[in-house]
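Inspection log for the structure reproduced underneath, given as structure tokens.
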Amino acid sequence: MIIPKLALRNLIGNGAKTWLNALVLSFSFVAIIWGQSIFEGMDKEMSKVTIDQEAAGGQYWAGVYDPYDPTSFDEAPAAIPADLSAEAAEGRAVPILIVPGTIYPKGRMMSVLLKGVDPGQSVLKLPFGSLKGGSGNIPGLVGTRTAKSAGLSKGDTVTVRWRDAAGTFDAADIEIVDIFQTQVQTVDVGQVWMPIQTLQEITGRSGQATIVTVPEGAAPKTYAGWAFQDHDVLLKDIKSFIQAKAMGFSIFYVTLMAMALLAIFNTQILSIWHRRREIGTMIALGMPRGRVIGLFTLEGSLLSILAAAVGAVYGLPLLIYMAKHGWVLPAGQADSFGLALNKALYPAYSLGLVIMTILIVLAATTVVSFLPTRKIATLKPTDALKGKWS
Amino acid sequence: MIRFLFKGLIRDRSRVLLPFLTVAIGVFLTVFMFGYIKGAEYQIIEFNADLLTGHVKIMTRGYAAEPESLPNDLALDGTDKLVAELRSDDPGMTWAPRIRFGGLLDVPDEYGETKSQGTVLGTAADILAPGSPEIHRLGLENTVVKGRLPQKPGEILVGEILADRLELEPGGTATLIGSTMNGSMATANFTVSGVVRYGVRALDRTGLVMDIADARTLLDMEDAAGEILGWRTDGPYEREHIEGLAARFNARPGADGGGEFAPVMRTIRDQSDMAAMLDQFGAVQGAVLGIFILAMSLVLWNAGLIGSLRRYGEIGVRLALGEPKGGVYRSMLAEAVMVGVLGTIAGTVLGLALSYYLQAHGINISGLMKNAAVMLPSHMRSRVTAGSYFIGFIPGLLSTLIGTAIAGRGIYKRSTASLFKELET
Amino acid sequence: MKSNFLKVPSRLGIGRPAVGFVILFLAAEALLAGLIAPEQTALSPAALLEKIDENAVPGNKIMVSSMTIHGRRGDRTVKSKSWIEGDDKAFTEYLEPPREKGIKMLKLGDQLWTYTPAADRVIGISGNMLRQSVMGSDLSYEDMMENRKWSTIYAAADDGTETVLDRPCRILKLTASVPDVAYEVRRIWVDESRFLVLKEERYGKSGRLLKTLEVGEVKQMEGRWVQTRALFRDVLKEGGGTEFIIESVDFEADIPEVLFSKASLRK
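Residue numbers (the working numbering), protein chains in the order written: chain E, 1 to 390; chain S, 1001 to 1425; chain Z, 2001 to 2267.
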């Protein structure tokens, strides 16, 4: 036990220099964790917004529904299974009815998908609540991309035409009650959201839906005529993209690590050189060289732990603040017509990330701390005592 | 004096080697990181530009207003002349017409009657001309999983999921039904030369790639195209350069006329969400680089401190011999500059060498991914920019100098009494 | 980073097969509704509707017609010749423009096939495909595919009188009596003495006016009154509408039964 105690005492006793080193090292720590968390945050964000706004815990697709086959949309809607209907009534499922339609903004003709959703739903994080109430015209909600291509603004009225289940045409005016921003193109481009009850009524598809989205954690069940699509299907593209990106970012991680190790290596070399007399004394007094090497290696390792502690002092509040408020990206996106992605980027810290970082840094630090100490093995105590460094 | 110091540095390897190596490694890491992040940004831009947006894209005003619906009735006419003009206007750009269209692919059974049908999203580009860069731009070399690329007119590539659904194999024939530029029905038979896997569901489910000459014949679009994509060839993508180009084109004499058929130029940033995406990447890139350089500066600053502390004894001797404190301090700073400059140059050279290598060859990541043909760059590449040559000087020179300057202040604090004490040991 | 590193085109851009060509083929049929017109006395709305139906479904006829679509790229005129038997068999061959010459269509009941010389293929057209958007024209498949007699799917009521093309007309308001109709309500202006529809308005369930048909010219052919020119408009959209012209009709023509088979499409 004497060695760890001694190492710690040496470290603390070294005063300002130790703290300076720890500060530099801690900076690397915080930078590694922050940098890594930003990337992970970006990746998580990609999955998260898709889960929040579209996929949730998975979707049941009715019959022939295929999002990439417009010819399937007319045929697909089916009566919502009683179970799912009951779940929906309690807010544990969101039926969505999809009906092809045409909108006529300013006399132009644009094919859209009319999507009916319960304004009171809480599974998907999109502002469907704005579809509540309103009088006269059917309330409609569009994303910024659709708003842009159709030239629609909040409060505008646009004529929409559709065919009901029997094939009968009808048209009505929709009032755009709100315009939402989203990163998920597939809930925006070419789509007009409205209350599902209204859409069911006007299309004669009472009690029907095309997809039923269930919240995360819901166990998939089997319903005749409905196929459950889990995250493997709904998030496949995103997952393979993230996988590819993670590959690229591992290099970033390695480089940051190399930087931290450079700092430790440097410190260690100086430390050993600076304390050559102390080393000589210890060897002269009969301490085995192995223990001396152990002592110095441990000091280097402890420095990284100290650095972790120092980093925690200023890093934690910073990282917590970031996690809470996000990292607000600088403006300059005005030219993209409000298509801005989330204005703030939320870093994702997993306990695993922090522990992994600390462990990897600790292991690497130990190795790097050990390397310069090998010199001790060949050191002549007499020279060292004199301050010579042979 | 400088020569004297330099000789000292050369001759006393132990005094110099460690600081030099530290600076060199630190600068190397910085330059490499810089090139790597720039490479990532460059790849995002080039990837999207090659595949869909170009650095700039010319469409008619009407087409540009609703590009998602692929309104080929609003396609550009006289594209040969337009491309020729564009070429002569700016020799630093290359141009390629493309047509994207919706249609229906109908597969016949043995009696020639409809066996299966599927909706398709066609992309037509010049892929038959020998050595056409469009093959590479569309990533076709890496995505054909069955069969081969089209080699003659009448051959098409189809997405993997689509091929499965329609039971199409390379060598099979299918009838493509579309709508001509004028709204007439267009049909023609094609031979499937290969099946592509992009790894992106939308494309694998509906994607169809064909030569633009075939598409023009099919869609009655002789000398017309929905889009003309342009890429810069006399240098890398630069936002100002590209935006200037588009601004000049859109402000050319008579640009206001022509109604919805007037050609307009849109930059990559103007298209779908690219601006927001690039801005976000830019912000992240800036922050990451900033933090990295700051951290590296601290490391090298620390190294500067350490390097000076190590020479405590030597300085003591020099002061004891009567050298003025200011002189010692200045000579230390001069040495720091030399070490910093040499280390930075060495580190930059190494960093540039690796960056250039990775720019040319990249790190192959395709083998490391489960779906080998995912429509993403198969190689991670670095990118050497002008900044790569200078970025290393911030941590390499500046930080070393500041570190030494702070450590060197100790010289002024030393008392003669303690000097002799130090000399005793 | 946003969710699409790769910009995938929107789903809606996909799959807009051309179905405009179907229109001409079917439109000609609809235009012929109310062809024959012996002079009669005042009838009840229901009886009048039946009369219109009776005249709309005569025996065989061979007809040459053209359709002009006012598109964004300019006007386009398609000319075709149709052989029609009753209300559920029709064979059409396109004559102009050169690009479409030789395209043939066969309708048997609810089924539709097309033959194109370019591909030398007979392609079945599914209902799903026909429900897709119609290129540039003011019509949709539902506008024209209807071949049931109006008297079986609509209840008629008097809705006033008006003069159209210098002819006194009775206005009938037709309200759907079955669910699967394209238009819940139609108002038709009927030249009562000739049983010719000279004007029509089509409404949605909500009462919204969706489409209009205005006859521009009526001529006597082989002793019968025929609407020879009409303009069809989607009133929700700006644009010039789609124009039909019937150039000639041969009533009571001899049509070999073999024509209404898939084999004849290739001939």
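Just so it is clear, CB atoms sit at the ideal spot from N, CA and C, and this is done for glycine as well.
For residue j and residue i, believed in contact at Cβ under 8 Å, the rounded distance
{"i": "ILE2245 of chain Z", "j": "THR2228 of chain Z", "result": "6 Å"}
{"i": "PHE158 of chain E", "j": "PRO105 of chain E", "result": "Sequence check: residue 158 of chain E is Val here, not Phe. Yes, they are in contact, since the Cβ atoms of VAL158 of chain E and PRO105 of chain E sit about 5 Å apart, within 8 Å."}
{"i": "LEU2231 of chain Z", "j": "GLY2241 of chain Z", "result": "5 Å"}
{"i": "SER1193 of chain S", "j": "ARG1165 of chain S", "result": "Incorrect: roughly 19 Å between the Cβ atoms, too far for contact."}
{"i": "ARG2073 of chain Z", "j": "MET1181 of chain S", "result": "7 Å"}
{"i": "LEU371 of chain E", "j": "ILE305 of chain E", "result": "That pair is no contact at about 19 Å."}
{"i": "ILE1044 of chain S", "j": "LEU1104 of chain S", "result": "Contact flag wrong, Cβ pair sits at about 34 Å."}
{"i": "ILE1025 of chain S", "j": "LEU262 of chain E", "result": "6 Å"}
{"i": "ALA2182 of chain Z", "j": "GLY167 of chain E", "result": "6 Å"}
{"i": "GLY1387 of chain S", "j": "PHE1032 of chain S", "result": "Going by Cβ atoms, the distance from GLY1387 of chain S to PHE1032 of chain S rounds to 13 Å, so no, they are not a contact pair."}
{"i": "THR222 of chain E", "j": "GLN59 of chain E", "result": "THR222 of chain E to GLN59 of chain E, Cβ: 14 Å. No contact."}
{"i": "VAL30 of chain E", "j": "LEU126 of chain E", "result": "Rounded, the Cβ-Cβ distance is 35 Å, inconsistent with contact."}
Alpha carbon of residue i to alpha carbon of residue j, nearest angstrom
{"i": "TRP1231 of chain S", "j": "GLU1134 of chain S", "result": "11 Å"}
{"i": "PRO139 of chain E", "j": "ASN1189 of chain S", "result": "46 Å"}
{"i": "ARG1383 of chain S", "j": "GLY1282 of chain S", "result": "15 Å"}
{"i": "HIS1379 of chain S", "j": "GLN185 of chain E", "result": "27 Å"}
{"i": "THR1123 of chain S", "j": "MET1210 of chain S", "result": "6 Å"}
{"i": "GLY1112 of chain S", "j": "LEU234 of chain E", "result": "37 Å"}
{"i": "ASP1090 of chain S", "j": "TYR1042 of chain S", "result": "22 Å"}
{"i": "ARG1252 of chain S", "j": "ALA1246 of chain S", "result": "10 Å"}
{"i": "LEU1162 of chain S", "j": "ALA1174 of chain S", "result": "12 Å"}
{"i": "VAL2064 of chain Z", "j": "VAL2078 of chain Z", "result": "11 Å"}
{"i": "SER350 of chain E", "j": "ALA323 of chain E", "result": "11 Å"}
{"i": "ASP178 of chain E", "j": "LEU152 of chain E", "result": "10 Å"}
{"i": "VAL310 of chain E", "j": "SER240 of chain E", "result": "37 Å"}
{"i": "GLY1235 of chain S", "j": "VAL64 of chain E", "result": "49 Å"}
Cutoff 6 Å; reference residue i; Cβ partners in own chain excluding five residues on either side
{"i": "THR267 of chain E", "result": "ASN21"}
{"i": "ASP66 of chain E", "result": "SER72"}
{"i": "ALA377 of chain E", "result": "ARG289"}
{"i": "ILE358 of chain E", "result": "ALA308"}
{"i": "PHE265 of chain E", "result": "VAL368"}
{"i": "THR2175 of chain Z", "result": "ALA2155, VAL2185"}
Candidates the options, of which the one nearest residue i by Cα
{"i": "LEU131 of chain E", "options": "E:THR144, E:PHE180, E:ARG108, E:VAL160", "result": "E:PHE180"}
{"i": "LEU1401 of chain S", "options": "S:TYR1063, S:THR1233, S:LEU1300, S:VAL1284", "result": "S:LEU1300"}
{"i": "GLY1183 of chain S", "options": "Z:GLY2071, Z:SER2066, Z:SER2065, Z:PRO2045", "result": "Z:GLY2071"}
{"i": "THR1060 of chain S", "options": "S:ALA1125, S:GLY1327, S:PRO1263", "result": "S:PRO1263"}
{"i": "ALA2047 of chain Z", "options": "Z:VAL2181, Z:ALA2155, Z:VAL2258", "result": "Z:ALA2155"}
{"i": "VAL1195 of chain S", "options": "S:GLY1026, S:MET1033, S:LEU1157", "result": "S:LEU1157"}
{"i": "LYS2149 of chain Z", "options": "Z:LEU2049, Z:GLU2257, Z:GLU2217", "result": "Z:LEU2049"}
{"i": "PRO1170 of chain S", "options": "S:PHE1393, S:GLU1155, S:LEU1321, S:ILE1177", "result": "S:GLU1155"}
{"i": "ILE2084 of chain Z", "options": "Z:ALA2253, Z:ALA2263, Z:ARG2266", "result": "Z:ALA2253"}
{"i": "LEU1203 of chain S", "options": "S:PRO1153, S:GLY1102, S:PHE1261", "result": "S:GLY1102"}
{"i": "MET2067 of chain Z", "options": "Z:LYS2089, Z:ASN2055, Z:ASP2053, Z:TYR2094", "result": "Z:TYR2094"}
Contacts around residue i, its chain only, beta-carbon distance under 7 Å, and the 5 residues preceding and following it disregarded
{"i": "MET1274 of chain S", "result": "ASN1048, THR1053, ILE1268"}
{"i": "ASP1050 of chain S", "result": "ARG1137"}
{"i": "MET282 of chain E", "result": "VAL292"}
{"i": "GLY122 of chain E", "result": "Rather than Gly, the amino acid found at residue 122 of chain E in this sequence is Ser. Within the same chain, SER122 of chain E has close Cβ partners GLY91."}
{"i": "PHE1020 of chain S", "result": "VAL1339, LEU1342, GLY1343"}
{"i": "VAL1426 of chain S", "result": "In this structure chain S extends from 1001 to 1425, so residue 1426 of chain S is not present and cannot be described."}
{"i": "SER2177 of chain Z", "result": "ILE2153, TYR2154, ALA2155"}
{"i": "THR1206 of chain S", "result": "THR1119, VAL1120, LEU1121, GLY1159, LEU1162"}
{"i": "GLY57 of chain E", "result": "VAL214, PRO215, GLU216, GLY217, ALA218"}
Cβ neighbours of residue i in the same chain (closer than 8 Å, five flanking residues each side left out)
{"i": "GLN200 of chain E", "result": "LEU97, GLY116, SER206, GLY207, GLN208"}
{"i": "ILE2171 of chain Z", "result": "ASP2158, ASP2159, GLY2160, THR2161, GLU2162, ARG2187, ILE2188, TRP2189, VAL2190"}
{"i": "ASN1371 of chain S", "result": "Its pLDDT being 46, under 50, ASN1371 of chain S is placed unreliably by the model, and nothing is read from it."}
{"i": "ALA331 of chain E", "result": "Confidence is the limiting factor: at ALA331 of chain E the pLDDT is only 48, short of 50, which leaves the residue's position unreliable, though a coordinate-based value still follows. Excluding sequence neighbours, ALA331 of chain E sits near nothing in its chain."}
Check your understanding: Hey, which unbroken runs of the alpha helix (DSSP H) at 4 residues or more fall wholly within the segment 151-230 of chain E?
Key -> 196-203
Check your understanding: What beta strand (DSSP E) runs, 3 residues minimum, are completely inside the segment 2145-2220 of chain Z?
Key -> 2154-2164, 2167-2176, 2185-2191, 2196-2203
Review point. Which parts of the segment 1136-1213 of chain S are runs of the alpha helix (DSSP H), unbroken and 4 residues or longer, counting only runs that do not cross its ends?
Key: 1140-1143, 1160-1166, 1201-1206
Review point. What are the complete beta strand (DSSP E) segments, minimum 3 residues, inside the segment 1261-1338 of chain S?
Key: 1263-1267
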